[in-house]
Each structure stands twice: as C-alpha cells, then as structure tokens.
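Below: one structure, written as structure tokens.
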Amino acid sequence: MSLGVIIVLAVLAVVLLWAVAVYNRFVGLRVRAEESWRDVDTQLKRRWDLIPNVVEAVKGYATHEREVFERVTQARARAQSAATPKEQEAAEAQLRGAMLNLFAVAEAYPELKANEGFLQLQSSLGELEDAIQKSRRYYNAIVREFNTALQVFPGSLVAGIFGFKPREFFTLEDEAQREAPKVKF
Numbered sequence: 000m001s002l003g004v005i006i007v008l009a010v011l012a013v014v015l016l017w018a019v020a021v022y023n024r025f026v027g028l029r030v031r032a033e034e035s036w037r038d039v040d041t042q043l044k045r046r047w048d049l050i051p052n053v054v055e056a057v058k059g060y061a062t063h064e065r066e067v068f069e070r071v072t073q074a075r076a077r078a079q080s081a082a083t084p085k086e087q088e089a090a091e092a093q094l095r096g097a098m099l100n101l102f103a104v105a106e107a108y109p110e111l112k113a114n115e116g117f118l119q120l121q122s123s124l125g126e127l128e129d130a131i132q133k134s135r136r137y138y139n140a141i142v143r144e145f146n147t148a149l150q151v152f153p154g155s156l157v158a159g160i161f162g163f164k165p166r167e168f169f170t171l172e173d174e175a176q177r178e179a180p181k182v183k184f
C-alpha cells in the first residue's frame, strides 16, 4: 500500500470514529432528556395523587362548593392525560387555576386551616411543588444541551444524517404562571 492510501484510510477511520462518538453523544443526551421528562412526570403524578386528598379535606368543610371540586377533578384528569411538554404546560396551567380556586375556598374556613391533617397535606403539596420545579429545571437543562448539540457544526451533520430532532422545552405559558403558587391556609 502506498503512503497516500494509508493516509486516506487513516483520515476515514478518524472521521468514522468521530461520527460514532457524536452519534453516541446524541443518543446519550436523548436518553437523559427522556429520563428527566419521566422525573418531571413522576413528580407531577405524586402531586396528582395528593390532590384528591386536598379536595376531600376541603369538601368536609365546604360541601356547597361542588363546582370548584369538579373543576379541580377535571383539570387533574386533563393533566394526567397530557403527553407532550406543550400539552403538559396547558394542562398544568388549568390545574393551577383550579387549585387556586380551591385554596380560596379553604381560606374561608378557619377550622379547616387549623386541621392537622390538612396542614400536613399543605406541607406535602409545598414540598412537591419544589420537587416539580427542580425536575423541570433539570429537564430544560438537558433539553438545552441536546438542542445545542444538534445545532452546532459539525455535530449538526451527524444529527441530520441520523434524524435527531430538537426536543420541546417545558415553559410557562404566561407571566401569572411564573409566580410561585401560594399554598397558604
């Protein structure tokens, strides 16, 4: 073999190894993004599981607020059935609004606000909100890293060849959602 053929084969081998490394990085980032979305989903499910307990606690004191309870239940069902980050954003906005209405009802009942079981539910809900926020931030960080890697040259060449697509960020639809929910009774 001539020196020219050896150099060409060496360059091709380096390019192939580089392409494999970039491909593997994209796969790893995609898996991390999927895993981090599952973490967000897990935290949301924990909150969804807690919401019926909160509703039942308030129902015990405010039986005439049926419409508020139904809105919370319907919003919770929509949030549970959301499949994409965009759908989840919209469903969570509706659920947040319904929960704020429920909290407003609870404010009118001092004996409910003093109930130890209800105080524990309130504390658990606050902790879950913090965990959800952390999970969303981590998910968005992974998505940012993945989407950036897809767009920078020369990695974008490998991404295009193998059909990697950008992922959706989990964002808030409006300014009101950017405020921390007030879980105060």
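Under numbering that gives the first Met the number 0, the first residue of the sequence shown carries the number 0, and numbering increases by one thereafter. All residues carry an ideal CB built from backbone N, CA and C; glycine is no exception.
Worksheet item: How would you write the range of the alpha helix (DSSP H) that residue 185 sits in, first residue to last?
Response: Within the shown structure, residues of the chain are numbered from 0 to 184, placing residue 185 beyond reach of any answer.
Discussion item. Would the region 85-93 count as touching the region 133-149 if we require 3 or more Cβ pairs under 8 angstroms?
Written reply: no
Discussion item. Using C-beta distances below 7 angstroms, list every residue in its chain close to residue 148, excluding the 5 sequence neighbours before and after it, in chain order.
Written reply: Here residue 148 refers to the residue found at position 149 when the sequence shown is read from its first residue. Within the same chain, residue 148 has close Cβ partners 24, 25, 28 and 154.
Worksheet item: Residues in its own chain within less than 8 angstroms of residue 32 by CB, not counting five upstream and five downstream?
Response: In the sequence shown, counting from the first residue as 1, residue 32 sits at position 33. Cβ neighbours of residue 32 beyond the five flanking positions: 138, 141, 142, 145 and 166.
Worksheet item: Quick one: what's got a C-beta closer than 6 angstroms to residue 17's C-beta in the same chain, skipping five residues either side?
Response: Within the sequence shown, residue 17 is the residue found at index 18, counting from 1. For residue 17, where only same-chain residues beyond five positions count, there are no Cβ hits under 6 angstroms.
Fill in: 8 angstroms contact criterion, which residue 53 and residue 120 should meet: CB distance rounded
For the purposes of this step, residue 53 is identified with residue 54 of the sequence shown, where counting begins at 1. For the purposes of this step, residue 120 is identified with residue 121 of the sequence shown, where counting begins at 1. 5 angstroms between Cβ atoms; contact.
Worksheet entry | Straight-line gap, residue 73 to residue 86 (C-alpha atoms, nearest Å) | Your numbering for residue 73 matches position 74 in the sequence shown. Your numbering for residue 86 matches position 87 in the sequence shown. Whole-angstrom Cα-Cα distance: 15 angstroms.
Discussion item. I need the DSSP call for residue 58, collapsed to helix, strand or coil.
Written reply: Here residue 58 corresponds to residue number 59 of the sequence shown, with the count starting at 1. It is helical.
Worksheet entry | Neighbourhood of residue 59 by C-beta, 8 angstroms cutoff - its chain only, sequence neighbours within 5 removed | Counting from 1 along the sequence shown, the entry for residue 59 is found at position 60. Closer than 8 angstroms at Cβ, skipping near neighbours: 111.
Worksheet item: What first and last residue would you give for the alpha helix (DSSP H) that runs through residue 0?
Response: Here residue 0 refers to the residue found at position 1 of the sequence shown. Run containing residue 0: none; DSSP gives neither H nor E here.
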